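Participant: The opening position of the sequence shown corresponds to residue 1 in UniProt numbering, with each subsequent residue numbered one higher.
Please find one structure pasted underneath; my questions will follow.
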Amino acid sequence: MGFTAACSSDDEPSAAPSPTAAATTPTAVTRTASPVDGPAATFSPLSGGDGVFVGAPTPANVDAQGYVEQEYAAAGTATSYRVDGELTGDGRWTFAQDATAAYVTRVLVRRPADEARFSGTVVLEWLNVSGGVDADPEWTSVNEEIVRQGHAWVGVSAQQIGVMGGPVRVEAPGGEGRAGKGLRALDPARYGSLDHPGDAFAFDIYTQVARAVRAGEAVGGREPALLLAAGESQSAAALVTYFNGVQPLTRQFDGFFVHSRGKAGLPLAKPGEYADLAGSLANAPVILRTDQDAPIVNIQAENDVTGILNSFEARQDDGDRFRSWEVAGTAHADAHLVGPNAAQMDCGLPINDGPMHVVAKAALRALVTWVQTGTAPPTAPRLEVDTTAAPTIRRDADGIALGGVRTPPVEVPVAALSGVPGPNPAVICLLLGSTKPFGADRLAALYPSRDDYQRRYDAATAATITAGFVLAEDRAALAAYAQPAAVQG
């Protein structure tokens, strides 16, 4: 999604970190070659103006988390890519360097204030521009896990819209007056020196920032031991293209965190042009290639699998470098991601209020563990899909999805959490899913008492944690979704 909101912490500080609990077969993840040398971005501090801008209703509260936030201009000369051969559905694409152009973009760093706390892992998020501004949805989803582990997070203004302005693909409340303008116009005093040559160069800009981070830029001069690529929605589509065509050339990333992808990758643009987001929805489906050594964890909401994103057409089996978790009761964007703007979403039904971000934190830790130790994440059942006509998710009588990663709000429900949108056909509403509370009669039929409901909810929480799809530290986060007051008696 191209908009985010700051969010309250899900941390349970007293809990000790736990490893993934599900039984898995260790798979050694050994790089067969070092990252390829090449041009790296040059960083210089950004200051003045109105301060750091990210497309969020409220700013990240890094001070309270023991983190610092620093912003840089990243400059260099980037290459575009052309395709040699065909873009085949197996993702085994061959890219070649093409044109070159100078760039100056923005890089945002959030890292431990105490450098001794730095874990050595950096999460490099391709900032999302679907809402017409740079947004940081991955940080919103997993920042509690980043902070408690001492990882650093780096957000990259990889695409032209975030810097120079451009078309707003997904209009949403809260973006008025900012969407589509770009950093330069929003705050010339701070960002007036930025200059983005177009999305044709976005992939190499991302690579060059990664090289700079590997060399110790932005993390207090510390060279990271582990560098992960991360992106959500349009940025996930960009990572599909990056992994299939650019990673084989650069080998910059040790792992990939792909969140809410559609069926295709983000198309290569021509110099000066914007990436064709519609093409990432309409183009032929493509899997993430299976001949690379960097592991991938892919997490998908219900309406990522079916609907306008339709990643079902690119569904692939788990393998020795790939895991996919399809999470029941979730939506592409939800109340946690939207934050204070949730009340403004006039979609005809309350938007989805599922715990996708809680599962995402477990998925991130699973990826880090996989790369560090060779212990693969647990495999998850996929959502059940009816292919009689257009792919649709099979549901029970209450409208709850069958299959997939199960959390207590769908195992012990008081409402139907779903990726199915409300009646408003606006694009933003198609992505936000819905929450349909059960009536009193249905709740009485399900639960003879509040105590019964709570016992079952607690048991489902324990089962989800044991399965490895939620971390023990996030037990309180799941407990917050319980609604015993909805049950009579």
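A virtual CB, placed ideally from N, CA and C, is assigned to each residue, including glycine.
Remember, it's a predicted structure, so these values are computed and weren't measured experimentally.
1. Which runs of the alpha helix (DSSP H), 4 residues or longer, sit entirely within the segment 189-216?
2. Determine the burial state of Thr-388: buried for a count of at least 16 other Cβ atoms within 10 Å of its Cβ, exposed for fewer.
3. Between Ile-299 and the rest of its own chain, which residues show a CB-CB distance below 7 Å, the 5 nearest in sequence each way excluded?
4. According to the Cβ coordinates, are Lys-181 and Gly-192 closer than 8 Å?
5. So what's Glu-138 in DSSP terms, helix, strand or just coil?
6. Let me check understanding here. Comparing Cα to Cα, which of Glu-217, Asp-291, Arg-117, Phe-95 lies closest to Asp-204?
7. Near Gln-149, what residues of its chain come up, given a Cβ to Cβ distance below 6 Å and the 5 sequence neighbours on each side ignored?
8. Starting from the C-beta of Thr-379, find all residues in its chain whose C-beta is less than 6 Å away, skip the five residues before and the five after it, and write them out in chain order.
9. Is it the case that the segment 413-420 contacts the segment 431-447, given that we only count it when at least three CB pairs across the two stretches are under 8 Å?
10. Measuring CA to CA, which of Thr-466, Gln-247, Phe-256, Ile-287 is closest to Ala-314?
11. If you check the beta carbons only, do Ala-158 and Ala-202 fall under 8 Å apart?
12. Assuming Ala-301 contacts Ala-331 (C-beta within less than 8 Å), just tell me the rounded distance between them.
13. Exposed or buried, which one is Ala-116 when buried takes at least 16 other CB atoms within 10 Å?
14. With H, G and I counted as helix, E and B as strand and the rest as coil, what does DSSP make of Gln-97?
15. Can the beta-carbon of Ser-44 be found closer than 8 Å to that of Pro-137?
16. So which of Glu-145, Val-123, Leu-249 has the shortest CA-CA distance to Tyr-81?
17. Using the C-alpha atoms, what's the distance from Asp-441 back to Val-371?
18. Would you tell me roughly how many angstroms separate the C-alpha atoms of Ala-486 and Phe-438, rounded to the nearest one?
19. Are Val-154 and Ala-218 touching if we call contact CB-CB under 8 Å?
20. Could you tell me the alpha carbon to alpha carbon distance between Leu-367 and Thr-88, rounded to whole angstroms?
21. My assumption, with CB atoms under 8 Å, is that Ala-269 sits in contact with Ala-275. Please give the rounded CB distance.
Facilitator: If we stick to the structure as given:
1. 202-214
2. exposed
3. His-259, Trp-325, Val-327, Val-359, Ala-360, Ala-363
4. no
5. helix
6. Phe-95
7. Ser-119
8. Asp-318
9. yes
10. Ile-287
11. yes
12. 5 Å
13. exposed
14. strand
15. no
16. Leu-249
17. 49 Å
18. 9 Å
19. yes
20. 27 Å
21. 5 Å
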